[in-house]
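Everything in the sequence shown is counted per our numbering, starting at 12 for the first residue and increasing by one. Where is the CB? At the ideal position from N, CA and C, for every residue including glycine. These numbers come from a predicted model, not from an experiment. Shown next, in structure tokens, is the structure this report addresses.
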Amino acid sequence: MASSDKEISYSDLKALLAKGSGLVVDVRSKEEVDRGRIPGSIHIPVENVESDMSLDTSEFQSKFGVVKPSLDSSELVFHCQVGRRGAVATEKARGLGFKNARNYAGGYREWSEKGACPSGWGRCSTRPPG
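The following block contains the structure:
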């Protein structure tokens with residue numbers, strides 16, 4: 012279970028993704044993301060969170076291929092490998108006005124260890140191997 016309103020648990024994140032809603036932002040380095048990612052996540056390195064989350068709606072959608080969440084969205088989640096950079100990104104987003112932004116503190120490590128990748132995928136990615 013998440014320890015605060017600034018965090019989301021593994022089970023809650025999995026349920027959010029199963030609904031097909033929410034925006035998950037991976038703030039790890041490109042090299043880390045290339046080794047595996049949570050399906051459906053977008054990549055914004057932690058050092059770019061403030062600038063990219065400040066883009067206007069059309070620029071954001073053009074750059075990332077998804078709709079920019081509203082400032083009051085309850086389904087904006089940041090994550091990294093183990094939670095530290097995700098927490099930094101969450102605070103940056105909250106500072107920009109995304110008042111309900113949350114950190115998945117378990118990070119990609121917990122996600123992959125718990126086997127959350129769809130069956131048949133060698134690792135989590137945006138699409139099945141093939």
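Check, Outcome
"8 angstroms Cβ shell around Val44 - same chain, five flanking residues per side excluded", "Asp37 and His54"
"Close beta carbons around Glu61, own chain, < 6 angstroms, minus the five adjacent residues each side", "Lys103"
"Cβ neighbour criterion (16 or more within 10 Å) applied to Arg48", "buried"
"Beta carbon of Leu34 nearer than 8 angstroms to that of Glu86", "yes"
"Residues of its chain near Leu28, where Cβ-Cβ distance is below 8 angstroms and the 5 sequence neighbours each way are ignored", "Val35, Ile49, Pro50 and Gly51"
"Helix, strand or coil at Asn114 [DSSP, three-state]", "strand"
"C-alpha gap between Lys39 and Thr68, whole angstroms", "In the sequence as presented, Lys is not what sits at residue 39; that position holds Arg. For Arg39 and Thr68, the distance between alpha carbons rounds to 23 angstroms."
"Residue from Cys91, Gly97 and Met64 whose Cα sits closest to the Cα of Ser81", "Met64"
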